[in-house]
Amino acid sequence: MNKKLLSPLIILFIFALDRISKYFVLKFISRDSFSVCGFLNFSYVENTGVAFGMFQNANSFFIVLTIILLVAIMFFRRKFEPYGLLVTIGIAMIVGGALGNLYDRIVYGYVIDFVDLSFFPAVFNVADSSISFGAILVALKMHRTPKVVSDK
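Counting in my numbering, the sequence shown runs from 494 upward without gaps.
Rendered as structure tokens:
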């Protein structure tokens, strides 16, 4: 696969998966909650804050902050290339997830969360998972990759 297409494809895939999952939540779950299996529930939540319900009712702030961070990531993306494929994938996952939640904030005024694990303290969505896993990939790879010192 062409390396230049990888990031846009991952971003598009994550964004589409997030939108499709939220479409089904809005269409079939609505305000109800149901158990999928013992530890997995689908519970509709309108989140006006960020992770774990922090900073509620700061939607405009998070729209602006997300746009600034996305522009910064796109501006500095070349700086991440020396860290390799896993960092590229991780950053694409972060961007795809951020775009999914940004869409919700702009269109609905809140983020739609629905994945409710009985052993986890917060309800989340596909975009949140993508952002979290992407950040873990980036952190692990950048932590383990030695910095190259330039002779210049």
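Even for Gly, the Cβ is constructed at its ideal location relative to N, Cα and C.
Beta carbon of residue i nearer than 9 Å to that of residue j
| i | j | result |
| --- | --- | --- |
| Ser500 | Val564 | no |
| Phe617 | Ala551 | no |
| Ile566 | Ile584 | yes |
| Met586 | Leu630 | yes |
| Met590 | Ala620 | The displayed chain sequence assigns Gly, not Met, to residue 590. Yes, the pair counts as a contact, with Cβ atoms nearer than the cut-off. |
| Phe612 | Phe532 | yes |
| Ser536 | Ser523 | no |
| Asn495 | Leu610 | no |
| Tyr603 | Thr541 | yes |
| Leu592 | Ile504 | yes |
| Phe626 | Val518 | no |
| Ile561 | Arg598 | no |
For residue i, three-class secondary structure by DSSP
| i | result |
| --- | --- |
| Asn618 | coil |
| Ser536 | strand |
| Ser523 | coil |
| Val642 | In this predicted model, Val642 has a pLDDT of only 47, less than 50, meaning its place in the structure is not dependable; the value taken from the coordinates is given anyway. Val642 falls in the coil class under three-state DSSP. |
| Ala551 | coil |
| Gly577 | coil |
| Asn594 | helix |
| Tyr601 | coil |
| Val631 | helix |
| Val557 | helix |
| Val543 | coil |
Buried versus exposed call for residue i [16 or more other C-beta atoms within 10 Å across all chains shown]
| i | result |
| --- | --- |
| Val642 | Interpretation of Val642 is limited by its pLDDT of 47, a score under 50 that renders its predicted location unreliable; the figure taken from the coordinates is listed afterwards. Val642 comes out exposed. |
| Val538 | buried |
| Lys515 | buried |
| Val529 | exposed |
| Val580 | buried |
| Phe508 | buried |
| Ser623 | buried |
Counterpart residues of residue i in DSSP-defined beta bridges
| i | result |
| --- | --- |
| Ser611 | BP columns for Ser611 are empty, so no partner. |
| Asp511 | None; Asp511 has no bridge partner. |
| Asp606 | Val538 |
| Ser528 | Asn534 |
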